[in-house]
Amino acid sequence: MIIAAGELHDEYDVAVIGAGPAGLAASAFCARAGLKCVLFDDQTGPGGQIYRSITSSPLSRHCVLGKDYWRGETIVRDALASDAHYVAGASVWGLLSSNAVAVSVSGITRQIRAARIIIATGAMERPFPIQGWTLPGVMTCGAAQILLKSSALVPEGPTVLAGCGPLLWLLAWQYLNVGVRIDAILDTTAQRNWHRLFRHAVAFATSSYMTEGLRLMYQVRRAVRVVTGIVELGAEGGERVESVLWRTRRGRFERLPCNTLLLHQGVVPNVNLAMSARVEHRWSDTQLCWVPNVDDFGSTTAPAIAVAGDGAGIAGAGAAVACGQIAAIAAIRALTNKASHKDEERNARRMLHRYQRGRTFLDLLYQPAPHFRLPRGETIVCRCEDVTARQVIETTLLGCPGPNQIKAFLRCGMGPCQGRFCGLTITELMAETRGSSCAEVGYFHLRPPAKPIALSEFAGLRSDEAAMKAVVRE
Amino acid sequence: MSDLRNEFEFAVVGGGLVGAAIAWGLAGRGRHVAILDEGDIAYRASRGNFALVWVQGKGGGMSRYAVWTRQSVDLWPKFAEALRTESGLDVCFQQPGGLHLLLSEREIENRANALKRLHNEAGRAPFEYCILDRATTQRMLPQIGPEVAGASFCPLDGHVNVLRLLRGLHVSLQRRGGTYLSDRAVQTIEPSGSEFRLHTAHGQIAAAKVVLAAGLDNARLAPMVGLDAPVRPQRGQIIVTEKVAPFLPYVIQTVRQTDEGSVMIGDSVEEVGFDTSVDGKILAAMANRALKMFPLLGKLNVLRCWASLRVMPKDGYPIYDQSETFPGAYVATCHSGVTLTPGHALLLPAWIDHDNLPDESLTDFSARRFHVSTAQ
Amino acid sequence: MFRRLNKGPERLLTIFVDGAPTSARPGDSVAAAMLASGRIGCRTTAVSGAVRGPFCLMGVCFECLVTIEGVASLQACMIPVREGMRIETKCGNRTFGT
Ligand SMILES: Cc1cc2nc3c(=O)[nH]c(=O)nc-3n(C[C@H](O)[C@H](O)[C@H](O)COP(=O)(O)OP(=O)(O)OC[C@H]3O[C@@H](n4cnc5c(N)ncnc54)[C@H](O)[C@@H]3O)c2cc1C
Ligand code: FES
Numbered sequence: 002m003i004i005a006a007g008e009l010h011d012e013y014d015v016a017v018i019g020a021g022p023a024g025l026a027a028s029a030f031c032a033r034a035g036l037k038c039v040l041f042d043d044q045t046g047p048g049g050q051i052y053r054s055i056t057s058s059p060l061s062r063h064c065v066l067g068k069d070y071w072r073g074e075t076i077v078r079d080a081l082a083s084d085a086h087y088v089a090g091a092s093v094w095g096l097l098s099s100n101a102v103a104v105s106v107s108g109i110t111r112q113i114r115a116a117r118i119i120i121a122t123g124a125m126e127r128p129f130p131i132q133g134w135t136l137p138g139v140m141t142c143g144a145a146q147i148l149l150k151s152s153a154l155v156p157e158g159p160t161v162l163a164g165c166g167p168l169l170w171l172l173a174w175q176y177l178n179v180g181v182r183i184d185a186i187l188d189t190t191a192q193r194n195w196h197r198l199f200r201h202a203v204a205f206a207t208s209s210y211m212t213e214g215l216r217l218m219y220q221v222r223r224a225v226r227v228v229t230g231i232v233e234l235g236a237e238g239g240e241r242v243e244s245v246l247w248r249t250r251r252g253r254f255e256r257l258p259c260n261t262l263l264l265h266q267g268v269v270p271n272v273n274l275a276m277s278a279r280v281e282h283r284w285s286d287t288q289l290c291w292v293p294n295v296d297d298f299g300s301t302t303a304p305a306i307a308v309a310g311d312g313a314g315i316a317g318a319g320a321a322v323a324c325g326q327i328a329a330i331a332a333i334r335a336l337t338n339k340a341s342h343k344d345e346e347r348n349a350r351r352m353l354h355r356y357q358r359g360r361t362f363l364d365l366l367y368q369p370a371p372h373f374r375l376p377r378g379e380t381i382v383c384r385c386e387d388v389t390a391r392q393v394i395e396t397t398l399l400g401c402p403g404p405n406q407i408k409a410f411l412r413c414g415m416g417p418c419q420g421r422f423c424g425l426t427i428t429e430l431m432a433e434t435r436g437s438s439c440a441e442v443g444y445f446h447l448r449p450p451a452k453p454i455a456l457s458e459f460a461g462l463r464s465d466e467a468a469m470k471a472v473v474r475e
Numbered sequence: 010m011s012d013l014r015n016e017f018e019f020a021v022v023g024g025g026l027v028g029a030a031i032a033w034g035l036a037g038r039g040r041h042v043a044i045l046d047e048g049d050i051a052y053r054a055s056r057g058n059f060a061l062v063w064v065q066g067k068g069g070g071m072s073r074y075a076v077w078t079r080q081s082v083d084l085w086p087k088f089a090e091a092l093r094t095e096s097g098l099d100v101c102f103q104q105p106g107g108l109h110l111l112l113s114e115r116e117i118e119n120r121a122n123a124l125k126r127l128h129n130e131a132g133r134a135p136f137e138y139c140i141l142d143r144a145t146t147q148r149m150l151p152q153i154g155p156e157v158a159g160a161s162f163c164p165l166d167g168h169v170n171v172l173r174l175l176r177g178l179h180v181s182l183q184r185r186g187g188t189y190l191s192d193r194a195v196q197t198i199e200p201s202g203s204e205f206r207l208h209t210a211h212g213q214i215a216a217a218k219v220v221l222a223a224g225l226d227n228a229r230l231a232p233m234v235g236l237d238a239p240v241r242p243q244r245g246q247i248i249v250t251e252k253v254a255p256f257l258p259y260v261i262q263t264v265r266q267t268d269e270g271s272v273m274i275g276d277s278v279e280e281v282g283f284d285t286s287v288d289g290k291i292l293a294a295m296a297n298r299a300l301k302m303f304p305l306l307g308k309l310n311v312l313r314c315w316a317s318l319r320v321m322p323k324d325g326y327p328i329y330d331q332s333e334t335f336p337g338a339y340v341a342t343c344h345s346g347v348t349l350t351p352g353h354a355l356l357l358p359a360w361i362d363h364d365n366l367p368d369e370s371l372t373d374f375s376a377r378r379f380h381v382s383t384a385q
Numbered sequence: 262m263f264r265r266l267n268k269g270p271e272r273l274l275t276i277f278v279d280g281a282p283t284s285a286r287p288g289d290s291v292a293a294a295m296l297a298s299g300r301i302g303c304r305t306t307a308v309s310g311a312v313r314g315p316f317c318l319m320g321v322c323f324e325c326l327v328t329i330e331g332v333a334s335l336q337a338c339m340i341p342v343r344e345g346m347r348i349e350t351k352c353g354n355r356t357f358g359t
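Here the protein sequences come in this chain order: D, V and P. Every position in the first sequence, counted from 1, becomes a number in this note's numbering once 1 is added. Every position in the second sequence, counted from 1, becomes a number in this note's numbering once 9 is added. Every position in the third sequence, counted from 1, becomes a number in this note's numbering once 261 is added.
Below you can see the structure in the form of structure tokens.
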């Protein structure tokens with residue numbers, strides 16, 4: 002049920018953060034079991050990134066976005082029809098002590114309390130630090146797809162897609178459906194990945210990804226110039242992108258004029274909220290990113306906080322729905338003290354298992370090549386503070402042990418994106434330079450606010466006499 | 010059995026502001042120095058502080074501390090210039106004068122009394138100050154809110170870019186031939202003949218002399234070499250906003266605009282042990298008070314908050330000491346390590362290096378002061 | 262450059278970007294409307310003065326910061342357009358004028 006921020010209650014049994022497949026499924030499930038549940042999402046409508054704008058998309062012809070997209074309609078409808086309170090445009094910026102959730106809606110922060118919290122904040126695109134990636138006109142494939150889904154906007158003029166991963170092929174396919182011309186696809190998939198993958202191939206061949214994925218790729222390859230084996234890539238231009246420059250393994254440099262360059266090399270969990278809530282994370286060697294330490298139910302190391310969906314490790318929309326339900330079941334059991342919903346759990350686990358088949362293959366196949374994760378020279382690593390790869394490497398060589406010290410020295414990670422677009426690069430670059438592992442090097446120590454928030458909203462948080470005393474100096 | 014690479018004249022334990030400044034000074038005197046520091050996750054006040062170079066109000070109870078502070082602050086311009094020349098980094102030391110804003114008549118009265126007491130106590134006045142009424146305060150800071158009743162002002166107060174300061178010390182230490190070893194938390198120190206053996210998880214390091222500048226860990230390490238360093242953690246939380254065009258021509262004790270433009274709002278004083286989590290109630294209180302001082306800050310976005318632990322000696326004053334049982338072992342630890350950096354970089358190293366310098370009065374800072382009363 | 266796929270008879274809104282009337286579709290984010298009108302840069306950075314534009318459109322990169330109805334540093338990709346909305350692009354650090 003959609004509610005306005007003013008109608009929020011002070012207390013809930015369960016607060017779910019993120020209205021993508023995991024969060025929608027979790028909140029609908031909790032509500033159906035009779036729990037008092039609230040669902041927050043910072044976007045203007047439900048659906049998360051995959052089902053973005055599903056209730057408002059101007060592209061009603063189902064064949065454009067594909068049937069996987071429209072599958073989201075039922076999931077969204079179920080959640081909205083349930084008794085769970087859903088608040089749109091609601092940024093949760095802090096999970097404070099004793100289960101207080103600080104949420105900002107239209108510039109006003111409210112503090113609610115929830116006995117259990119399910120973080121379902123999903124994924125974001127992996128940083129793709131190449132020369133010129135900060136030029137206007139260079140965007141992510143995810144961004145381009147959002148423009149398509151929510152505003153029916155498509156690039157006009159020379160357009161190039163570069164990178165690797167299923168989303169890149171899906172976007173190309175969707176563009177072809179609506180007659181957008183793509184001048185080239187620069188495929189950065191590391192060729193060696195194909196060879197390493199033999200042992201996972203069987204699982205993949207029997208998975209749903211294969212039939213879908215290969216069909217898309219086949220259709221795109223027939224219609225668009227695809228250059229494979231890219232080992233160097235850069236965008237060029239003054240005030241905006243004017244051309245893309247690349248080199249393939251065979252060493253040929255080529256340049257193509259373009260006014261839109263769309264980058265993508267996979268997605269990674271958006272960990273900021275969970276990390277700021279002191280959920281322990283570990284480095285995943287297959288997905289090359291940080292993932293929260295969760296058990297079979299998505300429960301984390303922080304009391305009463307679970308993570309479900311891509312935020313707990315990339316597994317896709319189908320798996321996210323299953324994980325959302327499983328996290329909901331855990332919440333229900335914890336709050337009712339009963340081992341209920343055995344059948345539902347079994348079904349959800351079966352579904353999860355089905356979607357997990359073939360995932361390792363995709364993870365490994367689309368592991369972005371090292372040269373696109375480990376930039377060099379004047380390539381910008383931290384977009385907010387304009388910190389370059391050279392600075393990161395030189396400062397690491399000074400003896401700087403990890404991301405927190407280098408953040409203090411160079412300001413990387415201090416800007417408004419709070420490290421989202423430089424954090425992974427910094428961890429990997431420091432690990433490489435120091436000759437140690439990413440797990441050893443670690444990550445930024447994140448704390449609230451998990452999103453920039455006006456000082457006046459901070460001032461509105463609950464406080465008390467003792468706190469006031471601790472800040473007055475005489 | 011330490012190999013040559015691990016033998017140093019001086020091992021400085023701790024690479025925060027105190028350790029880095031002392032090591033920098035020793036390296037400048039031609040000494041073969043290594044800093045042994047912990048890894049990335051550490052209690053490191055040097056990257057969590059408020060970056061004030063602050064004079065007003067310092068020294069109540071120990072006038073020698075006020076003099077030492079003043080001495081250090083007077084050295085700041087010279088030191089900043091030296092560091093800039095050597096490291097290429099400008100720490101942006103500025104001394105525009107500082108205000109401590111007061112939000113009620115009662116606060117004014119308390120502040121005025123405290124400062125007066127301090128000046129009566131001190132042998133000679135360590136700093137000039139005045140109490141400003143609301144009108145004068147407003148002339149200096151037109152943006153103050155209606156609740157600001159006045160301020161105390163001291164023209165000597167200033168601030169620096171403290172992150173660049175720490176980085177500058179590290180960069181320049183290496184140019185001076187010093188060595189910085191991270192991931193070398195010192196577990197134990199073993200005095201052995203004419204040298205000290207420092208044990209870390211990554212092997213052992215030997216040095217003729219050892220300087221303890223390990224912040225909060227000094228309390229544990231000092232007794233291993235016959236020293237005493239009673240320091241405790243005192244939590245301070247800080248809020249930082251996005252950057253904004255310069256608007257604050259002075260430094261306010263709890264509101265500061267950095268040279269890059271961010272506004273820092275500080276810094277609570279809490280006795281909570283080794284707990285570095287942030288607390289919404291305290292942050293709210295800090296935000297509230299800052300808004301009363303400058304209502305226009307309300308619109309600024311907060312980008313980051315953190316909690317850091319002050320290294321707080323039992324009585325609040327620095328501890329500089331030399332071991333009697335194990336000559337060659339020193340300890341240096343204090344709160345206000347930013348303010349005192351020039352003293353640590355330019356004066357302490359000479360003392361540690363056993364020149365005839367500097368004043369005996371550094372003996373006032375010996376931990377023996379804690380033992381006088383217990384001995385009775 | 263971006264174009265709209267369905268140029269149907271739908272109702273358009275007018276927003277003002279740096280004072281210039283700009284048409285937008287209901288449901289557009291401010292960033293989408295700006296991109297549709299050919300504005301692909303929306304601010305200059307405080308560090309280097311370089312021009313930047315929306316990058317992720319999902320609220321994580323903070324490249325799309327603009328001033329909307331007098332409130333500075335808002336994410337253009339997260340805020341839906343409204344009739345008559347006033348948007349200012351940003352130059353360097355924000356000031357207290359905004
Ligand atoms: C909130 C706050 C605000 C402050 N504001 C100001 C201010 O405005 N002005 C001012 O002058 N001062 C201020 N200070 C104080 C100032 O930051 C400290 O006095 C100063 O940083 C202390 O430096 P340090 O080197 O002794 O300690 P730290 O910076 O804590 O450094 C200690 C170092 O020792 C290392 N270490 C610890 N144990 C071991 C071990 N066993 N082996 C090897 N290495 C070890 C640590 O990793 C660390 O690098 C503030 C402090 C705080 C917390
Ligand atoms: S475009 Fe990335 S936050 Fe708006």
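We put the CB at the ideal spot given by N, CA and C, even for glycine. As the structure is a prediction and not an experimental result, all values here were calculated from the model.
Whole-angstrom distance between N310(V) and I249(V), CA atom to CA atom:
Ile is not the amino acid found at residue 249(V); the sequence shown has Val there. Those two C-alpha atoms are separated by around 9 Å.
If you run the structure through DSSP and keep just helix, strand and coil, what is Y138(V)?
Three-state result, Y138(V): coil.
For the beta strand (DSSP E) holding N227(V), just list the boundary residues, first then last.
Looking at the DSSP string, N227(V) is not in any beta strand (DSSP E); the run it does join, the alpha helix (DSSP H), is 227-230.
Quick one: which chain V residues come within Cβ less than 7 Å of F410(D)?
Those are L172, R176, listed as they occur along chain V.
G123(D) CB to nearest chain V CB: under 8 Å?
Cβ-Cβ to chain V under 8 Å: no for G123(D).
Minimum length 3: unbroken beta strand (DSSP E) runs contained in the stretch 259-316 of chain D
261-266, 268-270, 282-285, 290-293, 306-308, all fully within the stretch 259-316 of chain D.
CB contact flag (I328(V), A238(V), <8 Å):
Their beta carbons are under 8 Å apart, which means I328(V) touches A238(V) by this criterion.
Nonlocal neighbours in the same chain, by C-beta distance under 8 Å from E213(D), ignoring five residues either side:
Once the five neighbours on either side are set aside, the close Cβ partners of E213(D) are D69.
Between L225(V), L98(V), P200(V), which lies nearest to A216(V) when the distance is taken from Cα to Cα?
Residue nearest to A216(V) within the set L225(V), L98(V), P200(V) is P200(V) (criterion: CA-CA distance).
Do you know offhand how far I183(D)'s Cα is from A224(D)'s?
I183(D) and A224(D) have their alpha carbons spaced roughly 9 Å apart.
Rounded separation between L92(V) and T78(V) - CA only
Distance between the alpha carbons of L92(V) and T78(V) is about 20 Å.
So with Cβ pairs under 8 Å, would you call G154(V) a contact of chain P?
It does not: the Cβ of G154(V) has no partner Cβ on chain P nearer than 8 Å.
Supposed close pair L149(D), L187(D) - CB separation, criterion 8 Å:
Not a contact, Cβ separation roughly 20 Å.
Can a CB atom of chain D be found closer than 8 Å to the CB of N227(V)?
Taking Cβ atoms only, chain D never reaches closer than 8 Å to N227(V), which makes this a no.
Cutting at 7 Å between CB atoms, please list the residues of its own chain near T306(P), excluding the five before and the five after it.
Taken in chain order, the residues that qualify are R313.
Contacts of S334(P) in chain V (Cβ-Cβ under 7 Å)
By Cβ distance, chain V contributes E251, N310.
What's the call for T189(D), buried or exposed, on a 16-neighbour Cβ count within 10 Å?
Around the beta carbon of T189(D), a 10 Å sphere encloses 16 or more other beta carbons of the protein chains shown; the residue is thus reported as buried.
Does any residue of chain P bring its CB to less than 8 Å from the CB of T75(D)?
Residue-level contact by beta carbon fails for T75(D) and chain P, as no gap is shorter than 8 Å.
Would S244(D) pass as a contact of G238(D) if the rule is Cβ separation under 8 Å?
It is a contact, given that the beta carbons lie within the stated cut-off.
Taking 8 Å as the threshold (C-beta atoms), are S161(V) and R120(V) in contact?
Pairing R120(V) with S161(V) gives a Cβ-Cβ distance under 8 Å.
For the alpha helix (DSSP H) that contains P86(V), what are its first and last residues?
Residues 72-96.
Cβ neighbour criterion (16 or more within 10 Å) applied to H354(D):
Result: exposed.
Could you give the C-beta distance for A460(D) and N297(V), rounded to a whole number, given that I count them as a contact under 8 Å?
In this structure A460(D) touches N297(V) by the C-beta definition: roughly 5 Å separates them, less than 8 Å.
Quick one: grab the DSSP three-state call for R377(D).
The answer is coil: DSSP assigns R377(D) none of H, G, I, E or B.
Helix, strand or coil for Y339(V)? Go by DSSP, reduced to three states.
In the three-state reduction of the DSSP assignment, Y339(V) falls in the strand class.
Among L40(D), S152(D), H86(D), which residue has its Cα nearest to the Cα of I55(D)?
Residue S152(D) is the option with its Cα nearest to I55(D).
Under 7 Å Cβ-Cβ, which residues of chain P neighbour I147(D)?
What I147(D) touches in chain P: L318, M319.
Less than 8 Å between CB atoms is the rule here; does M233(V) satisfy it with respect to chain D?
Output row for M233(V): interface = no.
If we call anything under 8 Å between Cβ atoms a contact, is K452(D) one with W94(D)?
Yes, these two residues count as a Cβ contact at 8 Å.
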